[in-house]
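Our numbering numbers the first residue of the sequence shown as 1025 and each following residue consecutively. All C-beta atoms in this analysis are idealised placements derived from N, C-alpha and C, irrespective of residue type, glycine included. Here the structure is a predicted model, which is why all the values come from computation and not from measurement. Data block below; observations after.
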Amino acid sequence: MQKNAFKKHATSKIRVFDDLQTVNTSGFRGEALPSIASISRLRMSTCAKGEDIGTQITIEGENDLLIEELATPQGTKIEVADLFFNTPVRSKYLKRVSTELQHIVKIVTVEAIRRPDVSFTLNHGERKIIDAPESDLKTRIGILLGNDAAKELIEFKGDSEDFQLRGFLTKPAISRKTTSGLYLHINGRPVQARNICYSIKGAYGSLLHDGHFPLGALFIEIPKSDVDVNVHPAKTIVRIAKEEIVSKKIRVVINETLAEHALIAHVDLSDTKTFSSITTANNKARPRQLNNIDSFQQEFEVDFHQNDVQETNMPTMRPLALVEDKYIVALGMDGVFIIDFHAAHERVMYERLKDQMRFKRIGSQNLLAPIALELSKSEADNFEKMLPEINEMGFTAEKFGPSSFMIRSVPALLAGSEPDRIREAIDDVVESGTMKSAEDRHQHMMYTVACHSALRAGDKLTMAQMEFVIREMESIPNPYACVHGRPTVMTITPEELDKKFKRSGF
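Put into C-alpha cells, the structure is as follows:
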C-alpha cells in the first residue's frame, strides 16, 4: 500500500465533483510525494503502531521504487536530498541559501502553529532554528513568535450561528507594521485573508500604533460551503461567500474581549543593569507652564447620564513621583506603574470628545482675538469644502477672502491652551483637507483636537494633577494607548523586581 503514496493522484481526496465545494484538508490532489520524489533522492521509513517491522521506500527521480522491510521506530520519516539533481535548469532558479531558509522557516512556522499537538524541529547545519515540543496553542505561539509576544497574549473565543472563533492575539503594545506575525486559519486551513487582517486591525482601532497589526493566531470555523479554496494553487488564498458577516463577527469578539482586559504592557527588565546610578538634576526652566488644574477640569463638565459612562478595568493606583516631566510613577496592587501622561491625557481628551460627539454637545469657546488663515488656492478649496465638518467639531470658521478664513471660536477642550498650540491644531485641521475620505478627515480632526488639548511633556504636574490624570484614565473605556497607538501605561510586577534583585522567599 505504501508505494501507492508515490503514484500521481493516488491519494486524491476528490471522489465526486461536489467534493470540490467542501474540501476540508490542507491539500487534495494527491501530488505532494510524487512531485517531490520526481526531482530528488527521497527515502521514506514508516512503521504502524504496534508493529516491530516497518517499510523503507527509496526512490531517485523517475526511477523505480526500492521497497525493503526493516526495523524502524513507529511513525513516518521522510528524507529528501539533492533537490533538482536531475533537473539542473530548475536549480538555477533557487535563491540564496538564506532566502530559501526564510521560506522554509515560514512554512514550518505556519504548520507548527496550526498543529500545536505535534512536535516540530527545524535544523540548519548545526543550528536548531525551531524547537517546538507538543504543547497547547498559547505556548506554541509564544515559542514561535518570541518572549515579548508570549507575555502579552490574550485569549479570544466566540460562538454564534455558523461561526466559531478561538485563538490568541497580543495586547496593543506588541505589534508589527505588516501582517507577518498574524496567522489566520479557516476551517483548520492556514490562509492569507487580507480583508480579515484589516478587520482585526480595525477592531483594535486606535489602541494600535498607526498602520500596525497585532501578533498571534486565530482559528475560524464557518460552513465549508461558504469557503472557496480553489482560488490559488497553494490553497492559501480563499474566497469567503459571506465575508462581511464573518468580519463583523470577528470584530465583535475582539471588541468585547479587549474591553474585558487591562491592556497594560510589562516593562522588560531583562537588559537592565543591576546597579543604580542616581543623580539629581538641576531644576531647569521649562519653556511653558501647565494651565492650572481648575481650567482643564472645567473642560470636562458635560452633563452625561451616569449609566452612559463606560468604566474601565484599569487597576487602582496612586501617584508617587514625576520623572523628567514626562512620566508619572504610580503604585498599585499589581506593582509599579509608569504612565506617559501626555499619551494618557490625549486618550482621555479623545474619549471625552467622542462622548460629546455622540451626544451632539460639542462645547465651543470664542477667541478673544480671532485667528486669520491665509491659505494656498488648493488648501483654501479643500478647507471651504470642509467648513461644515470643521464647524461641527466645535470650531467657528468662516470665509474672509478668496483664500483666507477667520477662526472665531475653537472646541472647548482647546480653550485653555496657549495661542501657539491652538494655531498648531488649526494647521493640522487644514492638513486633513487632503484626505479623500470624510471618515478619515473626521477621525484626523478628532485626533488633532485631542492631541493639542492634552498635557504635554515638559508640563510640571503637581501631585493633585497627577492624581487627576490617573482618575480620568480610570473613567474611560480604552486608557491603554494614545490615539496614535503608543502605550500610555506600563507595569513592573513585584515578581519581576524580585527576579532582577535575585531575591527568593523573604
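Along the length of the segment 1189–1218, whole beta strand (DSSP E) runs at least 3 residues long occupy 1206–1210, 1213–1215, reported in chain order.
Contact between M1410 and R1465 holds, since their C-beta atoms are separated by about 7 Å, short of 8 Å. A Cβ-Cβ separation of about 7 Å places L1193 in contact with L1242 under the 8 Å criterion. One thing to note: E1408 has its Cβ no nearer than 9 Å to the Cβ of A1462. Per DSSP, the unbroken beta strand (DSSP E) holding F1361 starts and ends at 1359–1364. Under the DSSP definition of a beta bridge, V1353 partners with A1345, I1362. Between L1344 and the set E1519, L1485, A1421, the nearest pair of CA atoms involves L1485. Between N1211 and G1240, the alpha-carbon positions lie close to 17 Å from each other. Runs of alpha helix (DSSP H) with 4 or more residues, each lying fully within the segment 1359–1431, are found at 1365–1382, 1401–1416, listed in chain order. Counting the other Cβ atoms within 10 Å of the Cβ of M1357 gives fewer than 16, which makes it exposed. By the Cβ-count criterion, L1355 is exposed, with fewer than 16 other Cβ atoms from all chains shown falling within 10 Å of its own Cβ. Looking at the DSSP output, K1101 bridges to S1069. Contact check for N1171 and A1227: beta-carbon distance about 25 Å, past the 8 Å limit, so the pair fails to qualify.
The DSSP-derived three-state label of R1039 is coil. Straight across, the Cα-Cα distance linking E1348 with S1441 is about 22 Å.
By the neighbour-count criterion, in which a residue is buried when 16 or more other Cβ atoms sit within 10 angstroms of its Cβ, L1094 is exposed.
In this structure, the beta-carbon distance from K1195 to I1137 does not fall below 9 Å. Per the C-alpha coordinates, the member of D1076, K1401, L1206 positioned closest to K1225 is L1206. The residue among L1057, H1366, Y1504, H1285 with its C-alpha nearest the C-alpha of A1197 is Y1504. Considered as a whole, the segment 1124–1198 harbours 1144–1148, 1151–1156, 1177–1184, 1187–1194 as its complete beta strand (DSSP E) runs of no fewer than 3 residues, in chain order. Contact between the segment 1395–1403 and the segment 1451–1460 is established, with three or more Cβ pairs separated by less than 8 Å. Taken through DSSP and simplified to helix, strand or coil, D1252 comes out as strand. F1237 has R1200 as its beta-bridge partners, per DSSP. As the crow flies, the alpha-carbon of E1086 is around 35 Å from that of H1209. When DSSP assignments are scanned along the segment 1466–1524, the uninterrupted stretches of beta strand (DSSP E) that are 3 or more residues long and fall wholly within it turn out to be 1513–1516. For the pair D1252 and L1189, the Cα-to-Cα distance works out to about 19 Å.
Annotation for L1146: V1132, I1153, I1154 place their beta carbon closer than 6 Å to its own, counting only its chain and skipping 5 residues before and after. Taking 8 Å as the upper bound for CB-CB distance, I1386 and P1435 are in contact here, some 6 Å apart.
Beta-bridge pairing by DSSP links F1243 to R1190, H1209. Judged by DSSP secondary structure, T1281 falls within the alpha helix (DSSP H) whose first and last residues are 1267–1284. Secondary structure of S1059 (DSSP, three-state): helix. Residue pairing from DSSP places T1079 in a beta bridge opposite T1070, E1093. For R1445, the three-state secondary structure derived from DSSP is helix.
The beta carbon of L1377 lies closer than 7 Å to those of L1437, M1470, V1473, A1474 in the same chain, with the five residues before and after it left out. Contact annotation: the segment 1108–1119 does not touch the segment 1069–1081, with fewer than three C-beta pairs closer than 8 Å.
Residue pairing by DSSP places I1224 opposite no residue, since no beta bridge is assigned to it.
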